[in-house]
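If you read the sequences in order, they're chains A and B. Using the numbering used here, you'd call the opening residue of the first sequence number 151 and step up by one each time. Using the numbering used here, you'd call the opening residue of the second sequence number 151 and step up by one each time. All residues carry an ideal CB built from backbone N, CA and C; glycine is no exception. Comments concern the structure below.
There are 2 protein chains.
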Amino acid sequence: MRIINTKEKEFKKEFENILQRAKSDIKGVSKIVENIIDEIVEDGNLALKKHIEKFDKWIVKSDDELLISQDSMKKAYDNLDEDLKKSLHTAYDRIKAYHEKQLPKSWLDFEENGTILGQKVTAVDRAGLYIPGGKAAYPSSLLMNAIPAMVAGVKEIIVCTPTPNNEVNELLLAACYLCKVSKVYKVGGASAIAAMAYGTQTIKKVDVITGPGNIFVATAKKLVFGEVNIDMIAGPSEIGVLADSSAKANYIAIDLLSQAEHDEMASSILITTDENLAKNTSLEVDRYLENLSRKEIAKKSIDERGVIIVASNMEEAIELMNEIAPEHLEVLTQNPFELLPYIKHAGAIFLGENTPEPIGDYIAGPNHTLPTGGTAKFYSPLNVENFLKKSSIISFSKKAIEELGEPCALLADTEGLTAHAKSVRIRLEDK
Amino acid sequence: MRIINTKEKEFKKEFENILQRAKSDIKGVSKIVENIIDEIVEDGNLALKKHIEKFDKWIVKSDDELLISQDSMKKAYDNLDEDLKKSLHTAYDRIKAYHEKQLPKSWLDFEENGTILGQKVTAVDRAGLYIPGGKAAYPSSLLMNAIPAMVAGVKEIIVCTPTPNNEVNELLLAACYLCKVSKVYKVGGASAIAAMAYGTQTIKKVDVITGPGNIFVATAKKLVFGEVNIDMIAGPSEIGVLADSSAKANYIAIDLLSQAEHDEMASSILITTDENLAKNTSLEVDRYLENLSRKEIAKKSIDERGVIIVASNMEEAIELMNEIAPEHLEVLTQNPFELLPYIKHAGAIFLGENTPEPIGDYIAGPNHTLPTGGTAKFYSPLNVENFLKKSSIISFSKKAIEELGEPCALLADTEGLTAHAKSVRIRLEDK
Numbered sequence: 151m152r153i154i155n156t157k158e159k160e161f162k163k164e165f166e167n168i169l170q171r172a173k174s175d176i177k178g179v180s181k182i183v184e185n186i187i188d189e190i191v192e193d194g195n196l197a198l199k200k201h202i203e204k205f206d207k208w209i210v211k212s213d214d215e216l217l218i219s220q221d222s223m224k225k226a227y228d229n230l231d232e233d234l235k236k237s238l239h240t241a242y243d244r245i246k247a248y249h250e251k252q253l254p255k256s257w258l259d260f261e262e263n264g265t266i267l268g269q270k271v272t273a274v275d276r277a278g279l280y281i282p283g284g285k286a287a288y289p290s291s292l293l294m295n296a297i298p299a300m301v302a303g304v305k306e307i308i309v310c311t312p313t314p315n316n317e318v319n320e321l322l323l324a325a326c327y328l329c330k331v332s333k334v335y336k337v338g339g340a341s342a343i344a345a346m347a348y349g350t351q352t353i354k355k356v357d358v359i360t361g362p363g364n365i366f367v368a369t370a371k372k373l374v375f376g377e378v379n380i381d382m383i384a385g386p387s388e389i390g391v392l393a394d395s396s397a398k399a400n401y402i403a404i405d406l407l408s409q410a411e412h413d414e415m416a417s418s419i420l421i422t423t424d425e426n427l428a429k430n431t432s433l434e435v436d437r438y439l440e441n442l443s444r445k446e447i448a449k450k451s452i453d454e455r456g457v458i459i460v461a462s463n464m465e466e467a468i469e470l471m472n473e474i475a476p477e478h479l480e481v482l483t484q485n486p487f488e489l490l491p492y493i494k495h496a497g498a499i500f501l502g503e504n505t506p507e508p509i510g511d512y513i514a515g516p517n518h519t520l521p522t523g524g525t526a527k528f529y530s531p532l533n534v535e536n537f538l539k540k541s542s543i544i545s546f547s548k549k550a551i552e553e554l555g556e557p558c559a560l561l562a563d564t565e566g567l568t569a570h571a572k573s574v575r576i577r578l579e580d581k
Numbered sequence: 151m152r153i154i155n156t157k158e159k160e161f162k163k164e165f166e167n168i169l170q171r172a173k174s175d176i177k178g179v180s181k182i183v184e185n186i187i188d189e190i191v192e193d194g195n196l197a198l199k200k201h202i203e204k205f206d207k208w209i210v211k212s213d214d215e216l217l218i219s220q221d222s223m224k225k226a227y228d229n230l231d232e233d234l235k236k237s238l239h240t241a242y243d244r245i246k247a248y249h250e251k252q253l254p255k256s257w258l259d260f261e262e263n264g265t266i267l268g269q270k271v272t273a274v275d276r277a278g279l280y281i282p283g284g285k286a287a288y289p290s291s292l293l294m295n296a297i298p299a300m301v302a303g304v305k306e307i308i309v310c311t312p313t314p315n316n317e318v319n320e321l322l323l324a325a326c327y328l329c330k331v332s333k334v335y336k337v338g339g340a341s342a343i344a345a346m347a348y349g350t351q352t353i354k355k356v357d358v359i360t361g362p363g364n365i366f367v368a369t370a371k372k373l374v375f376g377e378v379n380i381d382m383i384a385g386p387s388e389i390g391v392l393a394d395s396s397a398k399a400n401y402i403a404i405d406l407l408s409q410a411e412h413d414e415m416a417s418s419i420l421i422t423t424d425e426n427l428a429k430n431t432s433l434e435v436d437r438y439l440e441n442l443s444r445k446e447i448a449k450k451s452i453d454e455r456g457v458i459i460v461a462s463n464m465e466e467a468i469e470l471m472n473e474i475a476p477e478h479l480e481v482l483t484q485n486p487f488e489l490l491p492y493i494k495h496a497g498a499i500f501l502g503e504n505t506p507e508p509i510g511d512y513i514a515g516p517n518h519t520l521p522t523g524g525t526a527k528f529y530s531p532l533n534v535e536n537f538l539k540k541s542s543i544i545s546f547s548k549k550a551i552e553e554l555g556e557p558c559a560l561l562a563d564t565e566g567l568t569a570h571a572k573s574v575r576i577r578l579e580d581k
């Protein structure tokens, strides 16, 4: 693995490349995706079926075939191996418990003059989850998207997932059963996003679309934003590790590889104050690489996008990591908690050597749908609030408007809005 | 004003038109806006100056002229008429107090096996506010955008506002001074959004862009979403009124007009159970229209986009209003609070006859930047959270990973991610 020192002359340029790691080609595929969306809007199911034939290579004979039956979901769940079922339940319970802690409450606040102000929290009516299928079918993604929607109180949760060759991932179906998903459709890619955003004869329009996907899915989500709400636009997975000399090189190495194995475009970045740790981690990465089932992918990712940075001190290391704003951040230092005040930008923060990143992918509880590519500077992890929205509540008493009406009307006057001013003043005139 | 009854045959079709009220032509202007953004990305300030010359009709001689000086902001504030200054301060104080109630806290949660889970709340580093200028310069928008950013703890708040003929709205400058805005730039339209999203020689890239604007601004915000976060994509203003026979026709009429005077594209909708109230409101609208300074705009809006719906009962009225999901909703009924449980979709809810909508535009406290065009089904009012983001916190103890490591690794196995599984298992092997 490449090692660079912040003192090297070319460091600044190299670091700039790391910051640009996630430049995606949304613009390059926009036209294609726009056309797909237009087709769905115009032709509905007909277009869906055409796209399935083209991309997933099977022929949909009737509209009913787009829907996966509740029966097959139950069967998938019933047929689960006992250990796996138990693990799935453990994950489900922990994810649910964590997200329940995020649930905001409606509130009211009262003033002595009779004013009541507040906020009403309401779940969206319908949520649409996109779950990738085929090779990269991750049932854990279903839990991570469905549970916050469920906890938010969304009545109708639908799922779209591609089924290449009409094959469905059984564990995904079992997870849908467990999460009481309303409907699962065999629809994938940009078509699925368009179908959920605009509706078709079979798929009802939703209010919010969440879930991971490739560049076509990400682009479609961006294009339908405004027609529906979306969670975020996500790119390849990534991990940053902050480590001092107390950290174990083999732990760091396998944790870096756990992101690298996702995707050739994944980024794995260690920043450490210890040059020896840097060298040893690099060696350990090579050692572990040999035995990975996804060795080719992981190796390409590590070679092209992996980097170890040796920093002069922890302060510099943290500053660089904040600039990177990684999706996952492991803090492997003597006392990781004391660094929390300085860590500003990261999707999820894993503290200490017993908290490997994969524990957060499956079972810890917090969401694994996290902002990538530096967007942790402004996006949050997927959470209950993605499936809620708020309404302001305002109630003025006669006394309140008598106190505040004239200042309000004056401001309206200066903005030239006479009906605004009048609307307030006729209340003041009515004694 | 047009009155329709839900029992009429054509009602369904008419109602469908109301639901489609906000179909904007973002696609139609996308190409133009894309070009503007590309120019800013490539040429920075040079392009900014070119666009100012073209759209705002004045020549920028040096980069420094893009920035409004702190001195002129202070002067604008000092020169304010005393009553106006007092009103501005009242608005500022009330808006600040309301938004402070929204501020979420970082939290930690502990388990008996030593697990610590939580959420760290962090303000974004830089926020960019877009405030329209020229004819529709609303200083109140500055308060409504700057105060939540300030309450969130954003260190650098910048403002872009167009200055047609190089003229600046003095009250806007005074409001910027009051809110301690870091920098105000004389840059407007899609160029301003691009400059804040990508940065130029003079304007630093921000993390979040909020604020209202025309179709070009809205389109630019959509196009830069992902590069930065944005609040929402907003369209013309609108008001819905739910009223029973206890409501006063003249109050409703002037409140409807207060939205209609904003914009010819604004929508004003009354749904009532009382046919007489419907007729009287229509007459009152005509009467008030005569004396409005913005009569032409308001009349066009009322004629083309205003409607009174007579419903069979309040249940039906609320159901229709939830479908409409108006930006502003006034509830003028005998006991408005008891209807709150049934109101699902509205940006802000104004309860009772002493709470005219304009009171929420200026002084009540809640934000006046609200979801329009039915997007209250999934967007919230602008709020403190738009300027914050969260990071998940995960810390496992040795005992915790011993309990949960194997179920986690099993799930990783079934997803074919061996490095994930290994990353957990090497911790279990290290006794």
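Scanning B/Thr240, B/Cys326 and B/Asn319 for the CA closest to the CA of B/Glu306 turns up B/Cys326.
In this structure, A/Ala277 is the residue among A/Thr272, A/Ala277 and A/Ala399 with its C-alpha nearest to the C-alpha of A/Asn295. Residues of the region 321-353 of chain A with a C-beta atom less than 9 Å from some C-beta of chain B are Leu321, listed in chain order.
Annotation: the continuous beta strand (DSSP E) that includes B/Cys310 extends over Glu306 to Cys310. When C-alpha distances from A/Glu377 are compared across A/Ala347, A/Ile402, A/Gly385 and A/Ala397, the shortest belongs to A/Ala347. When C-beta distances to chain B are compared with 8 Å, the residues of the region 405-424 of chain A below that value are Asp405, Leu407, Ser408, Ala410, Glu411 and His412, in chain order. Restricting attention to A/Lys159, A/Leu567, A/Asp188 and A/Leu554, the CA atom closest to the CA of A/Ala370 is found in A/Asp188. Residues of chain A with a Cβ closer than 7 Å to the Cβ of B/Asp221 do not exist; the shortest Cβ-Cβ separation is about 22 Å.
A direct Cα-to-Cα measurement between A/Arg577 and B/Ser408 gives close to 14 Å.
One thing to note: B/Ala562 has its Cβ within 8 Å of the Cβ of A/Tyr512. Partner residues in the beta bridge of B/Leu538, as assigned by DSSP, are B/Ala273. Residue pairing of A/Ile359 in beta bridges, as defined by DSSP: A/Gly278 and A/Ile380. B/Pro298 and B/Val457 do not touch by the CB rule: their CB atoms are close to 33 Å apart, not below 8 Å.
Against chain B, a Cβ distance below 7 Å from A/His570 picks out Ser408, Pro508 and Asp511. Taking the Cβ atoms as the reference, A/Ile509 lies roughly 6 Å from B/Val574, within the contact range of under 8 Å.
Between the alpha carbons of B/Asn167 and B/Glu414 lies a distance of about 16 Å. Cβ neighbours of A/Ser417 within its own chain (closer than 6 Å, five residues either side excluded): Arg171, Glu388 and Arg455. In the DSSP assignment, B/Leu392 is bridged to B/Ile421 and B/Val481. Residues of the region 448-467 of chain A with a C-beta atom less than 9 Å from some C-beta of chain B are Ala448, listed in chain order.
Counted as a single uninterrupted DSSP element, the alpha helix (DSSP H) harbouring A/Phe161 occupies residues Phe161 to Leu169.
Per DSSP, the unbroken alpha helix (DSSP H) holding A/Leu322 starts and ends at Glu320 to Leu328.
For the region 354-387 of chain A, the residues whose beta carbon sits under 7 Å from a beta carbon of chain B are, in order, Asp357, Val358, Lys372, Phe375, Gly376, Val378, Asn379 and Ile383. At a cut-off of 8 Å between beta-carbon atoms, A/Asn504 makes contact with chain B. With respect to the C-alpha of A/Gly264, the residue from B/Ile551, B/Glu553 and B/Leu501 having the closest C-alpha is B/Leu501.
Under DSSP, A/Ala498 takes part in a beta bridge, and its partners are A/His478 and B/Ser542.
The C-beta separation of A/Leu321 from A/Pro282 comes to about 13 Å, leaving the pair out of contact by the 8 Å criterion. Under the Cβ criterion (8 Å, minimum of three pairs), the region 395-411 of chain B does not count as touching the region 486-496 of chain B. Linking A/Ser432 to B/Gly497 through their CA atoms gives a straight-line distance of about 54 Å. Within the region 556-567 of chain A, the residues whose Cβ lies closer than 7 Å to any Cβ of chain B are, in chain order, Pro557, Cys558, Leu560, Leu561, Ala562, Thr564, Glu565, Gly566 and Leu567. When the beta-carbon positions are compared, A/Ala241 and A/Leu293 come within less than 8 Å of each other. In the pairwise beta carbon analysis, the region 433-446 of chain B is classified as not touching the region 471-486 of chain B: fewer than three pairs are separated by under 8 Å.
The Cβ atoms of A/Trp208 and A/Asn319 do not sit closer than 8 Å to each other. Segment contact: the region 212-220 of chain A against the region 551-562 of chain B, fewer than three CB-CB distances shorter than 8 Å; contact not assigned. With respect to the C-alpha of A/Met151, the residue from A/Ala448, A/Lys199, A/Ser541 and A/Leu567 having the closest C-alpha is A/Ala448.
In this structure B/Glu192 is exposed. Its beta-carbon is surrounded by fewer than 16 other beta-carbon atoms within 10 angstroms. Annotation: A/Ala384 to A/Gln351 spans about 29 Å, alpha carbon to alpha carbon.
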